[in-house]
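In UniProt numbering, the protein residues as written are 1 to 116. Every residue gets a Cβ at the ideal spot worked out from N, C-alpha and C, and that includes glycine. Only a predicted model underlies this, so the values are computations on that prediction, with no experimental measurement involved. What follows is a short report on a single structure.
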């Protein structure tokens with residue numbers, strides 16, 4: 001790679017004088033290698049990365065809680081739907097019995113004090 005056109009580029013052959021925000025390159029044993037040194041003054045990047053990792057862990061926990069809650073709500077809605085279906089079947093059955101009673105006995109027998 002010594003004869004590569006990148007020899008005079010921004011990294012290869014840049015020497016120890018190239019620096020950007022605490023990063024500098026220096027010549028390595030082979031011309032196609034780069035050694036990178038991070039300036040200790042810019043160690044706050046490590047703190048920032050650690051903080052981001054912490055936030056990611058927290059967000060994963062929140063996402064798992066949301067998933068658990070969604071499953072619980074889904075199960076609850078399924079149970080509620082089953083209860084509603086049973087209630088509808090009960091009302092339909094009672095309406096059928098009421099209609100049968102009206103047809104057999106007339107409407108006078110239905111007036112009771114049950115509605116008070």
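As the crow flies, the alpha-carbon of residue 57 is around 38 Å from that of residue 82. As the crow flies, the alpha-carbon of residue 49 is around 31 Å from that of residue 70. Beta-bridge partners of residue 104 (DSSP): none assigned.
Cβ neighbours of residue 61 within its own chain (closer than 6 Å, five residues either side excluded): none.
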